[in-house]
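One structure below.
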(Lines of atoms letter the chains of each structure in order from A; the text may use other names.)
(Lines give C-alpha, C1' and ligand atoms only; values in the text may rest on other atoms or scores of the structure.)
Protein backbone atom coordinates (compact mmCIF):
# COMPACT_ATOMS: atom_id res chain seq x y z
CA UNK A 1 0.00 0.00 0.00
CA UNK A 2 1.39 3.40 -1.02
CA UNK A 3 1.35 6.67 0.91
CA UNK A 4 -1.71 8.00 -0.93
CA UNK A 5 -3.56 4.74 -0.34
CA UNK A 6 -2.82 5.05 3.38
CA UNK A 7 -4.20 8.59 3.43
CA UNK A 8 -7.29 7.45 1.53
CA UNK A 9 -7.86 4.62 4.00
CA UNK A 10 -7.47 6.97 6.95
CA UNK A 11 -9.98 9.39 5.44
CA UNK A 12 -12.49 6.57 5.00
CA UNK A 13 -12.11 5.54 8.64
CA UNK A 14 -12.62 9.14 9.78
CA UNK A 15 -15.74 9.41 7.62
CA UNK A 16 -17.10 6.15 9.01
CA UNK A 17 -16.64 7.36 12.59
CA UNK A 18 -18.31 10.68 11.73
CA UNK A 19 -21.22 8.75 10.24
CA UNK A 20 -21.59 6.64 13.39
CA UNK A 21 -21.53 9.77 15.55
CA UNK A 22 -24.28 11.47 13.58
CA UNK A 23 -26.53 8.39 13.56
CA UNK A 24 -25.99 7.96 17.31
CA UNK A 25 -27.20 11.52 17.89
CA UNK A 26 -30.65 10.79 16.39
CA UNK A 27 -33.03 8.63 18.41
CA UNK A 28 -35.08 7.40 15.47
CA UNK A 29 -32.16 6.68 13.15
CA UNK A 30 -31.45 8.50 9.87
CA UNK A 31 -31.92 8.03 6.17
CA UNK A 32 -28.96 8.01 3.80
CA UNK A 33 -29.99 11.38 2.39
CA UNK A 34 -30.22 12.90 5.89
CA UNK A 35 -26.75 11.59 6.73
CA UNK A 36 -25.33 12.98 3.49
CA UNK A 37 -26.88 16.39 4.16
CA UNK A 38 -25.72 16.59 7.76
CA UNK A 39 -22.15 15.54 6.95
CA UNK A 40 -21.96 17.39 3.61
CA UNK A 41 -20.88 14.09 2.10
CA UNK A 42 -21.66 12.78 -1.40
CA UNK A 43 -24.55 10.32 -1.35
CA UNK A 44 -22.58 7.54 -3.14
CA UNK A 45 -19.90 7.80 -0.42
CA UNK A 46 -22.56 7.57 2.28
CA UNK A 47 -24.09 4.46 0.71
CA UNK A 48 -20.65 2.83 0.45
CA UNK A 49 -19.92 3.52 4.13
CA UNK A 50 -23.39 2.39 5.19
CA UNK A 51 -22.94 -0.91 3.34
CA UNK A 52 -19.64 -1.50 5.15
CA UNK A 53 -20.98 -0.55 8.59
CA UNK A 54 -24.11 -2.67 8.19
CA UNK A 55 -21.98 -5.65 7.12
CA UNK A 56 -19.77 -5.22 10.21
CA UNK A 57 -22.76 -4.97 12.56
CA UNK A 58 -22.06 -1.40 13.66
CA UNK A 59 -25.26 -0.20 11.96
CA UNK A 60 -28.56 -1.85 11.03
CA UNK A 61 -30.75 -1.05 8.03
CA UNK A 62 -34.31 -0.48 9.20
CA UNK A 63 -35.84 -1.30 5.82
CA UNK A 64 -39.49 -0.63 6.68
CA UNK A 65 -38.64 2.95 7.69
CA UNK A 66 -35.81 3.38 5.14
CA UNK A 67 -33.56 4.41 8.03
CA UNK A 68 -30.23 3.36 9.50
CA UNK A 69 -29.74 2.88 13.24
CA UNK A 70 -26.98 1.77 15.58
CA UNK A 71 -26.06 -1.90 15.36
CA UNK A 72 -25.65 -4.46 18.09
CA UNK A 73 -21.88 -4.71 17.63
CA UNK A 74 -21.74 -1.45 19.59
CA UNK A 75 -23.36 -3.17 22.56
CA UNK A 76 -20.53 -5.70 22.56
CA UNK A 77 -18.01 -2.87 22.38
CA UNK A 78 -19.71 -1.16 25.35
CA UNK A 79 -19.47 -4.38 27.37
CA UNK A 80 -15.79 -4.72 26.45
CA UNK A 81 -15.11 -1.12 27.47
CA UNK A 82 -16.73 -1.73 30.85
CA UNK A 83 -14.51 -4.78 31.36
CA UNK A 84 -11.39 -2.83 30.40
CA UNK A 85 -12.16 0.14 32.64
CA UNK A 86 -12.79 -2.51 35.26
CA UNK A 87 -14.34 -1.27 38.49
CA UNK A 88 -13.65 -4.14 40.93
CA UNK A 89 -16.70 -5.50 42.81
CA UNK A 90 -15.19 -4.34 46.11
CA UNK A 91 -15.00 -0.77 44.81
CA UNK A 92 -18.51 -0.92 43.34
CA UNK A 93 -19.83 -2.01 46.75
CA UNK A 94 -18.12 0.91 48.46
CA UNK A 95 -19.51 3.40 45.92
CA UNK A 96 -22.96 1.95 46.61
CA UNK A 97 -22.34 2.36 50.33
CA UNK A 98 -21.35 5.98 49.73
CA UNK A 99 -24.61 6.55 47.85
CA UNK A 100 -26.65 5.11 50.71
CA UNK A 101 -24.78 6.75 53.60
CA UNK A 102 -24.45 10.15 51.94
CA UNK A 103 -27.99 9.96 50.54
CA UNK A 104 -26.61 11.31 47.27
CA UNK A 105 -25.61 10.16 43.80
CA UNK A 106 -22.11 8.65 44.08
CA UNK A 107 -19.35 8.44 41.46
CA UNK A 108 -15.99 6.74 40.94
CA UNK A 109 -13.70 8.31 38.33
CA UNK A 110 -10.26 7.38 37.02
CA UNK A 111 -7.55 8.74 34.72
CA UNK A 112 -7.50 6.50 31.64
CA UNK A 113 -5.26 7.25 28.69
CA UNK A 114 -5.53 11.00 28.14
CA UNK A 115 -8.97 11.34 29.70
CA UNK A 116 -10.63 11.61 33.09
CA UNK A 117 -13.45 9.08 32.96
CA UNK A 118 -16.43 8.13 35.11
CA UNK A 119 -16.00 4.41 35.74
CA UNK A 120 -18.96 3.73 38.03
CA UNK A 121 -22.08 5.54 39.23
CA UNK A 122 -24.71 4.64 41.82
CA UNK A 123 -27.87 6.71 42.02
CA UNK A 124 -31.62 6.36 42.52
CA UNK A 125 -34.83 8.06 41.40
CA UNK A 126 -34.73 10.16 44.57
CA UNK A 127 -31.03 10.96 44.16
CA UNK A 128 -30.33 10.97 40.41
CA UNK A 129 -26.92 11.41 38.86
CA UNK A 130 -26.03 14.62 37.10
CA UNK A 131 -26.92 14.37 33.43
CA UNK A 132 -24.93 13.18 31.47
CA UNK A 133 -22.50 11.75 34.05
CA UNK A 134 -22.96 8.05 33.40
CA UNK A 135 -20.36 5.38 32.75
CA UNK A 136 -17.76 6.61 30.26
CA UNK A 137 -18.44 10.33 30.73
CA UNK A 138 -15.15 12.12 30.06
CA UNK A 139 -15.90 15.81 29.58
CA UNK A 140 -15.63 19.02 31.58
CA UNK A 141 -13.06 17.84 34.13
CA UNK A 142 -12.27 21.44 35.08
CA UNK A 143 -15.91 21.86 36.14
CA UNK A 144 -16.30 18.64 38.16
CA UNK A 145 -15.09 17.80 41.64
CA UNK A 146 -13.66 14.41 40.64
CA UNK A 147 -11.94 16.06 37.68
CA UNK A 148 -10.31 18.64 39.96
CA UNK A 149 -8.98 15.86 42.21
CA UNK A 150 -7.30 14.10 39.29
CA UNK A 151 -6.03 17.32 37.71
CA UNK A 152 -4.58 18.44 41.06
CA UNK A 153 -2.57 15.22 41.17
CA UNK A 154 -0.86 15.92 37.82
CA UNK A 155 2.42 17.79 37.56
CA UNK A 156 2.19 21.31 36.14
CA UNK A 157 3.22 20.41 32.58
CA UNK A 158 0.81 17.50 32.33
CA UNK A 159 -2.08 19.48 33.81
CA UNK A 160 -1.43 22.38 31.44
CA UNK A 161 -1.28 20.03 28.45
CA UNK A 162 -4.54 18.40 29.52
CA UNK A 163 -6.36 21.71 29.87
CA UNK A 164 -4.98 22.98 26.57
CA UNK A 165 -6.10 19.88 24.69
CA UNK A 166 -9.51 19.53 26.36
CA UNK A 167 -10.25 23.20 26.84
CA UNK A 168 -11.93 25.00 29.73
CA UNK A 169 -15.36 25.91 28.32
CA UNK A 170 -17.87 27.72 30.45
CA UNK A 171 -20.52 25.20 31.46
CA UNK A 172 -22.32 27.71 33.70
CA UNK A 173 -21.66 31.24 34.94
CA UNK A 174 -19.78 29.70 37.89
CA UNK A 175 -17.27 27.68 35.82
CA UNK A 176 -13.63 28.64 36.38
CA UNK A 177 -12.21 29.32 32.92
CA UNK A 178 -9.08 31.30 33.79
CA UNK A 179 -5.98 29.05 34.05
CA UNK A 180 -4.38 31.15 36.82
CA UNK A 181 -7.56 31.11 38.91
CA UNK A 182 -7.92 27.39 38.27
CA UNK A 183 -4.39 26.73 39.51
CA UNK A 184 -5.29 28.47 42.77
CA UNK A 185 -8.32 26.17 42.96
CA UNK A 186 -6.10 23.11 42.45
CA UNK A 187 -3.70 24.31 45.16
CA UNK A 188 -6.67 24.36 47.55
CA UNK A 189 -7.56 20.80 46.52
CA UNK A 190 -3.99 19.67 47.19
CA UNK A 191 -3.88 21.27 50.62
CA UNK A 192 -7.35 20.23 51.80
CA UNK A 193 -7.61 16.80 50.18
CA UNK A 194 -11.16 17.63 49.09
CA UNK A 195 -12.40 19.13 45.83
CA UNK A 196 -15.69 20.96 45.50
CA UNK A 197 -17.64 22.51 42.66
CA UNK A 198 -20.61 24.76 43.25
CA UNK A 199 -22.90 24.66 40.21
CA UNK A 200 -19.86 24.85 37.92
CA UNK A 201 -20.91 21.99 35.65
CA UNK A 202 -24.68 22.46 35.73
CA UNK A 203 -27.04 24.78 37.56
CA UNK A 204 -28.86 23.13 40.45
CA UNK A 205 -26.16 20.65 41.46
CA UNK A 206 -22.94 20.83 43.49
CA UNK A 207 -20.30 18.14 44.01
CA UNK A 208 -17.57 17.10 46.40
CA UNK A 209 -14.76 14.59 45.75
CA UNK A 210 -11.80 12.96 47.50
CA UNK A 211 -8.73 11.20 46.06
CA UNK A 212 -8.17 7.46 45.80
CA UNK A 213 -4.47 6.71 46.23
CA UNK A 214 -1.81 4.02 46.09
CA UNK A 215 0.19 3.04 49.15
CA UNK A 216 2.84 5.51 47.94
CA UNK A 217 0.29 8.33 47.87
CA UNK A 218 -0.16 8.52 44.07
CA UNK A 219 -3.69 9.55 43.12
CA UNK A 220 -5.25 6.98 40.79
CA UNK A 221 -8.93 7.83 41.09
CA UNK A 222 -11.58 9.81 42.88
CA UNK A 223 -14.88 9.19 44.64
CA UNK A 224 -17.50 11.93 44.57
CA UNK A 225 -21.07 12.81 45.45
CA UNK A 226 -23.52 15.32 43.98
CA UNK A 227 -26.53 17.00 45.56
CA UNK A 228 -28.68 20.10 45.60
CA UNK A 229 -26.61 23.25 46.36
CA UNK A 230 -28.58 24.18 49.49
CA UNK A 231 -28.20 20.67 50.88
CA UNK A 232 -24.54 20.72 49.90
CA UNK A 233 -23.96 23.80 52.04
CA UNK A 234 -25.92 22.42 55.01
CA UNK A 235 -24.24 18.99 54.97
CA UNK A 236 -20.71 19.92 53.89
CA UNK A 237 -18.93 18.87 57.11
CA UNK A 238 -20.86 15.63 57.49
CA UNK A 239 -20.42 14.55 53.86
CA UNK A 240 -16.74 15.51 53.67
CA UNK A 241 -15.94 13.21 56.62
CA UNK A 242 -17.89 10.38 55.01
CA UNK A 243 -16.24 10.97 51.64
CA UNK A 244 -12.74 10.82 53.11
CA UNK A 245 -13.61 7.56 54.87
CA UNK A 246 -14.93 5.89 51.73
CA UNK A 247 -12.04 7.20 49.60
CA UNK A 248 -9.59 5.69 52.08
CA UNK A 249 -11.39 2.33 51.98
CA UNK A 250 -11.55 2.35 48.17
CA UNK A 251 -7.81 3.02 48.14
CA UNK A 252 -7.19 -0.01 50.35
CA UNK A 253 -9.52 -2.17 48.24
CA UNK A 254 -7.72 -1.24 45.02
CA UNK A 255 -4.32 -2.07 46.46
CA UNK A 256 -5.32 -5.70 46.40
CA UNK A 257 -6.17 -5.69 42.66
CA UNK A 258 -4.06 -5.62 39.48
CA UNK A 259 -6.19 -2.74 38.13
CA UNK A 260 -4.45 -0.14 40.25
CA UNK A 261 -1.85 0.82 37.72
CA UNK A 262 -4.26 1.56 34.87
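Residue numbers (the UniProt record's numbering): 1 to 262. Ideal Cβ placement from N, Cα and C applies to all residues, glycine included.
- Taking all protein chains shown into account, residue 120 has 16 or more neighbouring C-beta atoms within 10 Å of its C-beta and is therefore buried.
- With respect to residue 243, residue 223 sits close: the two C-beta atoms are nearer than 8 Å.
- Burial is judged here by how many other beta carbons sit within 10 angstroms of a residue's own beta carbon; residue 211 has at least 16 and is buried.
- Contact check for residue 59 against residue 50 passes: the beta carbons are separated by less than 8 Å.
- Pairing residue 126 with residue 226 gives a Cβ-Cβ distance that is not under 8 Å.
- Between residue 67 and residue 31 the beta-carbon gap is near 6 Å, inside 8 Å, which marks them as a contact.
- When the beta-carbon positions are compared, residue 162 and residue 154 come within less than 8 Å of each other.
- Contact annotation: residue 192 and residue 198 have beta-carbon atoms that are not nearer than 8 Å.
- If you check the CB distance, residue 201 and residue 171 come in under 8 Å.
- Restricting attention to 20, 175, 150 and 57, the CA atom closest to the CA of residue 76 is found in 57.
- Assignment of residue 251 by DSSP, reduced to helix, strand and coil, places it in the helix class.
- Under the three-state reduction of DSSP, residue 147 is assigned to helix.
- Residue 115 and residue 216 have their alpha carbons spaced roughly 23 Å apart.
- Assignment of residue 34 by DSSP, reduced to helix, strand and coil, places it in the helix class.
- Along the length of the UniProt domain "HTH iclR-type" (10–72), whole beta strand (DSSP E) runs at least 3 residues long occupy 59–62 and 67–70, reported in chain order.
- Contact between residue 118 and residue 136 holds, with the beta-carbon distance rounding to 7 Å and staying under 8 Å.
- Sixteen is the threshold: when 16 or more other Cβ atoms of the shown chains lie within 10 Å of the Cβ of residue 148, as they do, the residue is buried.
- DSSP places residue 157 in the helix class (H, G or I) of the three-state scheme.
- Assigned with DSSP and collapsed to three states, residue 197 falls in strand.
- Ranking 37, 248 and 160 by CA distance to the CA of residue 194 puts 248 first.
- About 4 Å separates the Cβ atoms of residue 98 and residue 106, confirming a contact at the 8 Å cut-off.
- In the three-state reduction of the DSSP assignment, residue 235 falls in the coil class.
- Going by C-alpha positions, residue 73 is about 32 Å away from residue 144.
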